[in-house]
Amino acid sequence: MYEDDGPEDDVDEGEADVEEQPPVVTRGPYGRFMSSRPPRYVATWLVQGPMDGGPEDGSVIPSFGAHVARYIWDGEDRRFLRCHTRAGVCRDLTDWLERFTAATTTRIRQTGLSHLPSIMHDHLDFQLISAFVERWQPDTNTFHLPFGKMTIMLHNVHHILGIRVDGDMVVGDLPSDQYRTLVGGLLQLTPEKLQVKTQNAIYKNGGVHTDQIIARCRSEEQLEAIQAIGYMWVLLGNTLFTDKSGTGTHPSFLSELCIEDNLERLGYTSTFHVFGLTRVC
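Residue numbering for the sequence shown follows this note's numbering, starting at 51 and increasing by one per position.
Next up, the structure:
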């Protein structure tokens, strides 16, 4: 919540040799964790007290100062969001799935995710999405609507998307250099090509150009196991976990598709193992 990288406070000579006590972290009255160490700098957008159009208690929605609702309240112009549809990629995924052998197609369908490209919308209502964004509060994970508050529950995800919501949670992240290694190995690219910083760079802003993934992994010369990894990578990155780029796919999914330790925690463990992913990557 607070930035803690500002200049150190001046210390008197008599206190220079006093060892700083570690901060004590406790849970505050509203369920938020609080530290005994006073913040050196308070972000200007954090609510410190009553704010027009916002909460009277700043600890309830502390980020309201940076929320779009605050700008609307202040009378500032609010244009519609630019929303990216992944309809083209989803059509490519549907066609790609039909090119696999029957055995691989069956195993991909067993993941319970292969239907996702077919339920993505070709056209998006920018005004409706913008309205929902204006009423979404990340501090409370709820939509603040005229009739009350509403949040998205796991059973809503199950019924809307038709995917499983039970099982173990998959967590973990890798350093950027390890992601580059996974991307280079899968796409058969040298580190030098991945580090090129041009307008048409394959690896840019933490994401890999989706067209490059499809072109390189869908090639008939590739092993079907490699194609299957590429298919699942593009599917996850363009249906459930999209970003604002509209053209990139984050490589974080490769850490779940290619690392054996993480495969044991997925609900699709048997599916991925029969592809021989751990041997490929």
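No residue lacks a Cβ here, since even glycine has one placed at the ideal position from N, Cα and C.
These numbers come from a predicted model, not from an experiment.
Sorted by chain position, which residues of the same chain lie with C-beta nearer than 8 Å to residue i's C-beta, five sequence neighbours on each side aside?
i, result
"E242", "none"
"V118", "R128, V183, E184"
"V233", "L239, L244, Y253, V258, P301, L304"
"A153", "none"
"M101", "G108, F114, G115, R120"
"T135", "M170, H171, D172, H173, L174"
"P105", "V97, I111, F114"
Compute the Euclidean distance between the alpha carbons of residue i and residue j, then round it to the nearest angstrom.
i, j, result
"G115", "F182", "18 Å"
"V139", "G108", "43 Å"
"Q187", "R141", "33 Å"
"A137", "L211", "16 Å"
"R149", "L307", "20 Å"
"D293", "R132", "12 Å"
"Q343", "D227", "Residue 343 falls outside the range modelled here, since the chain spans only 51 to 331, and no answer is possible."
"G256", "L237", "16 Å"
"G217", "F197", "34 Å"
"I276", "H208", "29 Å"
Can you say whether residue i is buried or exposed, counting buried as having 16 or more other CB atoms within 10 angstroms of its CB?
i, result
"D175", "exposed"
"M124", "Checking the displayed sequence, the identity of residue 124 turns out to be Asp instead of Met. When all chains shown are included, D124 counts as exposed."
"V215", "exposed"
"L273", "exposed"
"I111", "buried"
"V246", "exposed"
"T151", "exposed"
"L143", "buried"
"R266", "buried"
"P167", "buried"
Where does the unbroken alpha helix (DSSP H) through residue i begin, and where does it stop?
i, result
"T156", "152–159"
"G198", "First-last for G198: 198–200, but that is the beta strand (DSSP E), not the alpha helix (DSSP H)."
"G280", "274–285"
"T292", "Taken as a continuous stretch (DSSP letters only), T292 belongs to no alpha helix (DSSP H), as it is neither H nor E."
"F182", "176–185"
"P140", "First, the amino acid is wrong: residue 140 is Cys here, not Pro. Residues 137–148."
Note down, in chain order, each residue of its chain lying with its Cβ closer than 7 Å to the Cβ of residue i, except the 5 sequence neighbours on either side.
i, result
"L204", "V215"
"T260", "V139, V284, N288, T297, G298, T299"
"T231", "none"
"S180", "F130, L131"
With residue i as the anchor, note down where its beta strand (DSSP E) starts and where it stops.
i, result
"L195", "192–195"
"V258", "257–259"
Only counting the same chain, and skipping five residues up and downstream in sequence, which positions put a Cβ closer than 6 Å to that of residue i?
i, result
"N191", "T201"
"G280", "I263, C267"
> Any contact of the segment 243–259 with the segment 127–134, i.e. 3+ C-beta pairs under 8 Å?
Replying inline: no
>> Is it the case that the segment 158–171 contacts the segment 278–296, given that we only count it when at least three CB pairs across the two stretches are under 8 Å?
In response: Output reads yes: the segment 158–171 touches the segment 278–296.
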